[in-house]
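Visitor: Encoded as structure tokens, here's the structure I'll be asking about.
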Ligand code: ADP
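Numbering (the UniProt record's numbering), first residue to last: 1 to 547.
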């Protein structure tokens, strides 16, 4: 915290909510520009839809979703069609307001006509999604998993997954949805923030009982029942990698806009919270990605009516402290410049023994009741520092010592999954290549939308216009798609074509050019053609330049 303003550049900047600082020119920031926007329910659903169109089997871990209000007619029509095809299909849907969190405004419906059109939907867009009716139950309760994922770098892509996560339980025994129980949130929604208000919520001192447990304790139980937990982990790893691959195109557009290539700027990393539901057959389903997962390691306890106290939560501590500690270890600038004489990491991040001593002293001086709450907070802070391994107690880390106490830390809880498994997943990075074309023609750095001239230059340089597809038709395509996207998009600040609109235009062009192929092959062929023509153009320009 910098109450008097910040002067010296830091190695690591830890922002509370989002990337928002234009005055950082070096170091590493714990947030990516645009991450909040990219993981909103609607944007995530759109990105997933694009991937489902290209790779239906690979992306079947995300429930079928429709965006409201714009896709309401499509939702109604598709449900009707599926019901006609299969009259025994009795689906349930979940409606989630865009930008909502903690279960806010969520409700279940049995029929599209039950969507509450008055007020909220018009003013607040939402996603309606197929409801997973047969989740895996433990102790007859529905639960979901919060997994922590570190996106350490976007280019090159580096992803780490925490070996343990949290399992958050409902507080009413689960029953498949019926008209009678649809509104029972303690039965259907696993949000901690909702269930904490149920009389049945159990705060447990143990990590394998109660309403919040470690995911590893669930895996142990599943394993003892004979479940293939190795396969489950590998499915979860695939889900995480594929989801991040779906998000990277948009993130790259924001990144180049906020941190233009070639100019001094920080690099970014971010801890994401993945919410995953396990189906009865152990298939993991992605519910959402949280750009700002709670890192609280304490919870409120009501001592007497209306009087609350923060008490440590062992389950949260076990999982979250390890995630933060290992994130700091992985982004440790000291690793890169071990031999540097300045030891910046020590001066900026390490908690000095003198601070530890001062915390001890302050806690010792707060014996009376009045200060109990404050002393508890300080004890927690001290415990947290010690757990993080940022300080090692007074004796072990003498001030000015040159070596980080790395050896004393437990082994990493964050496991690298990308580029480790890059070979298996790289073929999915098609939209990334479309985004690279988009970024190339953005022109002036600092924008996220393509103007009409940029789009024309793209068409011209890639030689996509011909007698059947005139430049006038190109302009019409640009105007049509851009207008539609700008009327539904959340970012009205800039005019022009956003990435998702460009992707749609690109798919249209691919379909025109390679009519007989499946969509994936159409898109892949057009990407190759564009990349090839641009490379040839660059080659020509180099030759002319030399001449
Ligand atoms: P929020 O951001 O408000 O928490 P979520 O998308 O996480 O919204 O949904 C809230 C809860 O609703 C989840 O934790 C989960 O228990 C339940 N839920 C969400 N989507 C589905 C779904 N498609 N099928 C079954 N349950 C779901």
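We treat Cβ as the ideally placed atom computed from N, Cα and C, and that holds for glycine.
1. As an exercise, report each continuous beta strand (DSSP E) stretch of at least 3 residues that is fully enclosed by the region 262-296, in chain order.
2. Please state whether DSSP places residue 351 in a helix, a strand or coil.
3. If you follow the alpha helix (DSSP H) that residue 213 is part of, which residue opens it and which one closes it?
4. In terms of alpha-carbon separation, which member of 236, 261, 82 lies closest to residue 283?
5. Please classify residue 551 as buried or exposed, where buried requires at least 16 other C-beta atoms within 10 Å of its C-beta.
6. For residue 505, which residues from the same chain have a beta carbon less than 8 angstroms from its beta carbon, with the 5 sequence-adjacent residues on both sides left out?
7. Should residue 49 be labelled buried (16 or more other beta-carbon atoms within 10 Å of its own) or exposed?
8. From the DSSP output, which residues share a beta bridge with residue 66?
9. Between the region 293-305 and the region 320-328, do at least 3 Cβ pairs fall closer than 8 angstroms?
10. Taking 8 angstroms as the threshold (C-beta atoms), are residue 148 and residue 177 in contact?
11. May I have the straight-line CA-CA distance separating residue 465 from residue 69, to the nearest angstrom?
12. Please go through the same chain and pick out, in chain order, the residues whose beta-carbon is closer than 6 angstroms to the beta-carbon of residue 331, but skip the five residues on each side of it.
13. Looking at the structure shown, is residue 424 part of a helix, part of a strand, or coil, going by DSSP?
14. Does the beta-carbon distance from residue 584 to residue 190 come in below 8 angstroms?
15. Quick one: grab the DSSP three-state call for residue 13.
16. Since residue 229 and residue 222 are thought to touch, with beta carbons under 8 angstroms apart, how far apart are those beta carbons, to the nearest angstrom?
17. Comparing the CB of residue 191 with every heavy atom of the ligand ADP, is any distance shorter than 7 angstroms?
18. Could you round the C-beta distance between residue 257 and residue 451 to whole angstroms and report it? I think they count as a contact, below 8 angstroms.
19. Provide the residue span of the alpha helix (DSSP H) that contains residue 472, from first to last.
20. Quick check: what's the CA-CA separation for residue 395 versus residue 409?
21. Look up residue 135 in the DSSP assignment and say whether it is helix, strand or coil.
22. Does DSSP put residue 96 in a helix, in a strand, or in coil?
23. Under 6 angstroms Cβ to Cβ from residue 157, same chain only, skipping five residues before and after it: list those, please.
24. Assuming residue 195 is part of the beta strand (DSSP E), what are its boundary residues?
25. Would you check whether the ligand ADP has a heavy atom nearer than 7 angstroms to the C-beta of residue 78?
26. What's the gap between the Cα of residue 141 and the Cα of residue 114?
27. At a cut-off of 7 angstroms, would you count residue 129 as near the ligand ADP, judging by its Cβ distance to the nearest heavy atom?
Guide: So, from the data block:
1. Every beta strand (DSSP E) stretch that sits fully inside the region 262-296 and reaches 3 residues is listed by chain position as 270-278, 284-290.
2. Confidence is the limiting factor: at residue 351 the pLDDT is only 48, short of 50, which leaves the residue's position unreliable, though a coordinate-based value still follows. Reduced to three states, the DSSP call for residue 351 is coil.
3. Note, residue 213: premise wrong, no alpha helix (DSSP H); beta strand (DSSP E) at 212-214.
4. Comparing Cα-Cα distances from residue 283 to each of 236, 261, 82, the minimum goes to 236.
5. With the chain represented from 1 up to 547, any question about residue 551 goes unanswered, as that position is not in the structure.
6. 455, 477, 478, 481, 497
7. buried
8. 128
9. yes
10. No, the Cβ-Cβ distance between residue 177 and residue 148 is not below 8 angstroms.
11. 35 angstroms
12. 28, 269
13. helix
14. No information on residue 584 is available, as it lies outside the stretch 1 to 547 that the chain covers here.
15. DSSP places residue 13 in strand when its eight states are reduced to three.
16. 6 angstroms
17. At least one heavy atom of the ligand ADP is nearer than 7 angstroms to the Cβ of residue 191, so yes.
18. The C-beta distance from residue 257 to residue 451 rounds to 14 angstroms, too long to meet the 8 angstroms contact threshold.
19. Its alpha helix (DSSP H) spans residues 471-488.
20. Any reading at residue 395 must be qualified, since the residue scores a pLDDT of 35, below 50, and its modelled position is unreliable; the value itself is stated next. Going from the Cα of residue 395 to the Cα of residue 409 covers about 16 angstroms.
21. strand
22. strand
23. Within the same chain, residue 157 has close Cβ partners 418.
24. Taken as a continuous stretch (DSSP letters only), residue 195 belongs to no beta strand (DSSP E), being part of the alpha helix (DSSP H) at 192-195.
25. no
26. 27 angstroms
27. yes
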